[in-house]
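Just so we're aligned, residue 52 is where the sequence shown starts under the numbering used here, counting upward by one.
Ideal placement from N, C-alpha and C gives every residue a C-beta, glycine not left out.
Keep in mind the model is a prediction, meaning the values are calculated, not measured.
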Amino acid sequence: MHHDDHIAESVLDLIRQQDSAAADIIAREQTRQASTIELIASENHVSPAVMHAMGSCLTNKYAEGYPGARYYGGCEFHDQIEDLARDRAKQLFGCKFANVQPHSGAQANAAAMMALLQPGDTFAALLLKDGGHLSHGMKINFSGVFYNPVFYPLHYDAKHPDFERIDYDAVRDVCLEHKPKLILCGYSAYPRIIDFARFREIADECGALLMADIAHIAGLCATDVHPNPFPHAHVVTTTTHKTLRGPRGGLIMTNDEDLAKKIDKSLFPGIQGGPLMHVIGAKAIAFGEALKPDFTDYAKRVVKNAQALAGALTERGYRITSGGTDNHLMLVDLQPKDANLTGADAEKWLEAAGLITNKNGIPNDPRSPRVTSGLRLGTPATTTRGFGPAEMSRIADMIDRVLSSSGDESTTRTVRAEVSDLCEALPLPGAAALKAVR
Ligand code: DSN
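Written as structure tokens, this is what we have:
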């Protein structure tokens with residue numbers, strides 16, 4: 052047994068000695084993760100070091116403030132770990148200032164917007180239904196409640212060569228018309244390269260600041276597998292747990308010292324209290340992992356796998372929006388395969404077979420977000436467990452069999468067994484804690 056597996060097992064055993072109800076639930080979730088294929092584009096499997104830093108003594112401390120300027124005593128090592136995380140984030144993305152305290156990507160966006168905008172100010176973004184994000188101006192979110200979002204479109208014209216991609220001319224038109232103070236780019240369901248330089252030109256032309264939310268593609272940007280938003284964006288926000296493969300959390304970066312000061316203030320005391328120091332410790336470790344050459348290799352394999360999966364699904368009659376993918380994710384339009392097939396049914400049937408996905412609207416989707424005509428699939432998690440193009444082809448085949456049979460019981464059972472075999476052949480990193488599950 053690997054050393055990391057010993058740690059994971061002993062942690063679970065320790066919890067079980069005190070609280071068997073909680074330990075059993077955690078163990079069942081470990082089994083679920085180890086024995087199913089994770090295709091949700093925003094999820095990943097962290098290393099044992101990242102995992103265990105989150106269970107460390109760093110959680111016991113209040114460290115409101117920033118390194119060297121805390122509101123509590125006893126922060127010597129918390130200053131050191133936060134500095135380590137900040138320095139590594141700066142090195143990773145090639146920027147001058149980093150705030151590693153946001154609890155999540157939405158908190159990072161809230162703090163960045165609070166620093167860059169006054170209530171009522173206008174900003175431009177992509178609609179959620181076109182691939183944007185809740186915190187990019189949805190009416191039910193702070194960003195739509197306190198600010199005035201205007202939206203730029205995708206190309207919807209099937210005859211256009213940039214079909215279902217960002218329409219940069221339309222972005223420029225919308226921004227020149229509405230004169231937003233801030234332009235947001237970076238998305239949750241967009242499979243193509245984002246032209247940050249072009250966005251900056253538009254921002255300069257209309258006198259706006261540019262903010263890139265690279266939550267989904269951070270691991271690809273950090274390794275130049277996707278262009279880096281620096282030096283084009285004035286502010287960059289991200290989560291740390293998707294392609295970056297760190298703990299669940301957020302990060303804000305900039306090259307501008309004045310903006311950095313405003314961002315620090317708006318994050319704390321603006322919208323957050325005590326930082327999650329155990330998560331910041333885990334961020335430091337994850338950023339250290341991402342700085343190593345094999346992480347670049349990982350990021351390249353993520354994209355190669357996504358392209359292999361998209362290609363294999365296309366061969367089986369599914370339409371991949373925009374005709375493919377340049378990054379870690381794809382949107383599968385189910386309609387050409389079966390006009391009655393919804394994303395909601397597909398998600399449910401695939402889950403029963405051990406293939407974990409999420410329903411997702413496709414551009415111009417006639418169905419509601421709770422039903423949808425599409426699925427979003429991503430390869431960060433499967434690539435972490437060592438899957439390659441051959442496994443992507445098998446996954447496409449399994450998806451097709453489940454969906455073509457409308458989730459029929461015997462097909463589901465057969466595919467579920469094949470998923471288990473594949474998961475056993477390529478286990479999670481340090482995941483033999485599974486053995487502790489009885
Ligand atoms: N919920 C995340 C996603 O799945 O893309 C975005 O915040």
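- Ser457 has its CB no nearer than 7 Å to any heavy atom of ligand 1.
- Pairing Asp218 with His229 gives a Cβ-Cβ distance that is not under 8 Å.
- The Cβ atoms of Phe250 and Leu233 do not sit closer than 8 Å to each other.
- At a cut-off of 7 Å, the beta-carbon of His267 counts as near ligand 1: some heavy atom of the ligand is closer than that.
- Under the DSSP assignment, Val383 falls in the beta strand (DSSP E) whose first and last residues are 380–384.
- Contact between Ala432 and Ala104 does not hold, since their C-beta atoms are separated by about 20 Å, which reaches or exceeds 8 Å.
- Cys236 is bridged by DSSP to Ala263.
- If you check the CB distance, Tyr241 and Gly182 come in under 8 Å.
- Judged by DSSP in its simplified three-state form, Tyr117 adopts strand.
- The distance from the Cβ of Thr463 to that of Val470 is about 10 Å, inconsistent with a contact at the 8 Å cut-off.
- Within the stretch 115–185, the runs of beta strand (DSSP E) that reach at least 3 residues and sit entirely inside it are, in chain order, 148–150, 173–177.
- Comparing alpha-carbon positions, the option among Asp208, Tyr198, Asn111, Ala136 lying closest to Ser373 turns out to be Asp208.
- The nearest non-hydrogen atom of ligand 1 is less than 7 Å from the C-beta of Gly156.
- The beta carbons of Ala468 and Ala363 sit about 21 Å from each other, so the pair does not count as a contact at 8 Å.
- By DSSP's assignment, Pro200 forms a beta bridge with Phe174.
- In the three-state reduction of the DSSP assignment, Ile88 falls in the strand class, which pools E and B.
- Proximity to Gln323 across Glu115, Lys190, Met304, Ser107 peaks at Glu115, based on C-alpha coordinates.
- Contact check for Ile245 and Cys236: beta-carbon distance about 6 Å, within the 8 Å limit, so the pair qualifies.
- Secondary-structure assignment with DSSP links Asn409 through a beta bridge to Arg427.
- Boundaries for Thr291: no beta strand (DSSP E) harbours it, and the DSSP string shows neither H nor E there.
- According to DSSP, Arg370 shares a beta bridge with Asp384.
- With 16 or more neighbouring CB atoms inside 10 Å of its own CB, Tyr198 falls in the buried class.
- Between Val354 and Leu473, the gap from beta carbon to beta carbon reaches 8 Å or more.
- With 5 Å as the limit between CB and the heavy atoms of ligand 1, the residues that fall short of it are Ser93, Ser239.
- When the alpha-carbon of Ala140 is set against those of Thr288, Asp224, Ala404, the nearest one is in Thr288.
- Here Gly301 is bridged, per DSSP, to Thr290.
- In the structure shown, the three-state DSSP call for Ile268 is coil.
- The three-state secondary structure of Ile217, taken from DSSP, is strand.
- The continuous alpha helix (DSSP H) containing Asp309 extends over residues 308–316.
- Leu109 carries a helical assignment under DSSP once its states are collapsed to helix, strand and coil.
- According to DSSP, residue pairing for Leu205 in a beta bridge involves Ile217.
- Closest in C-alpha terms to Ser455, from the list Val422, Thr393, Gln142, Ile407, comes Thr393.
- The Cβ-Cβ distance between Ala284 and Leu143 does not fall below 8 Å.
- Counting every other CB atom within 10 Å of its CB across the protein chains shown gives Cys108 a total below 16, marking it as exposed.
- Here Asp451 carries a helix assignment [DSSP, helix/strand/coil].
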